[in-house]
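Below you'll find the structure, written out as structure tokens, and then a few comments.
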Amino acid sequence: MQSPSLFQRGRQAFERAFNRPQVRISFDIDDTLACQADHAAAEDSKLPAFVHRWLGEPLRSGTRALIRDLRRQGCSIWIYTSSGRTPAYIRRWLMLYGIRVDGVVNSDRHQHILAVNGLENAPSKLPSAFDIDLHVDDSEGVRLEGVDHGFRVVVVCPKDENWAQKVMDAAVDVQAQLAWQQPHRYEMPVRPRSQALAS
1 MQSPSLFQRG
11 RQAFERAFNR
21 PQVRISFDID
31 DTLACQADHA
41 AAEDSKLPAF
51 VHRWLGEPLR
61 SGTRALIRDL
71 RRQGCSIWIY
81 TSSGRTPAYI
91 RRWLMLYGIR
101 VDGVVNSDRH
111 QHILAVNGLE
121 NAPSKLPSAF
131 DIDLHVDDSE
141 GVRLEGVDHG
151 FRVVVVCPKD
161 ENWAQKVMDA
171 AVDVQAQLAW
181 QQPHRYEMPV
191 RPRSQALAS
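Here UniProt numbering is used: the first residue of the sequence shown is 1, the next is one more, and so on.
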């Protein structure tokens, strides 16, 4: 039997790299990404203040850098909120800050997936139903639901100034855990925990 040529091996490596799933991380909005002025500083924006008052809420300081670093780490970014905000509104709001998300789960989509799967006593959020590997939330109750229902949650307090590092460390831990459990599907993190957000 002939061994594959250099071209065939290169093509196989390329296909493996692009078929490899990304780690999905979702963020809650209220008191996680959108914080009140007395809880957390807001991201600076080049757009006039009236545009933000009309189109969106203040975005928590550090969000843009965190999302950029998570994407460099190979993560897919989602929003998972129990609010009734529409996906279009959420995408537009984040685009005001230059942030693109790969998926949005709002209360309607959450209820739909619960109904389809016949889940009656389901938690307020169920990230695993959307193949989300890590959920970021301000609620300790959601973390406890994660323990009960088998999904990972990192809790960030609205007043925590080191929240982005906490999220990045949790993301690196999840990437390492998935790479160890499923090496054929996931790769080890690009950067170890201590170097996260160093850029």
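Yeah, the Cβ is synthetic: ideal placement off N, Cα and C, and Gly gets one too.
By DSSP, does residue i sit in helix, in strand, or in coil?
i	result
residue 181	helix
residue 103	strand
residue 34	strand
residue 85	coil
residue 172	helix
residue 60	strand
residue 160	coil
residue 96	coil
Would you list the residues sitting across from residue i in a DSSP beta bridge?
i	result
residue 75	23
residue 137	155
Are residue i and residue j closer than 7 Å when you measure CB to CB?
i	j	result
residue 27	residue 90	no
residue 67	residue 25	no
residue 137	residue 153	yes
residue 23	residue 133	yes
residue 151	residue 128	yes
residue 33	residue 60	yes
residue 171	residue 96	no
residue 164	residue 62	yes
Would you mind working out which of the options sits nearest residue i, comparing C-alpha positions?
i	options	result
residue 104	97, 83, 152, 117	83
residue 76	116, 101, 44	101
residue 29	93, 109, 108	93
residue 159	139, 109, 170, 146	139
residue 166	135, 113, 183	135
residue 107	121, 87, 58, 120	87
Below 8 Å on the Cβ atoms is my guess for residue i versus residue j; work out the distance and round it to an integer in Å.
i	j	result
residue 155	residue 143	5 Å
residue 179	residue 188	5 Å
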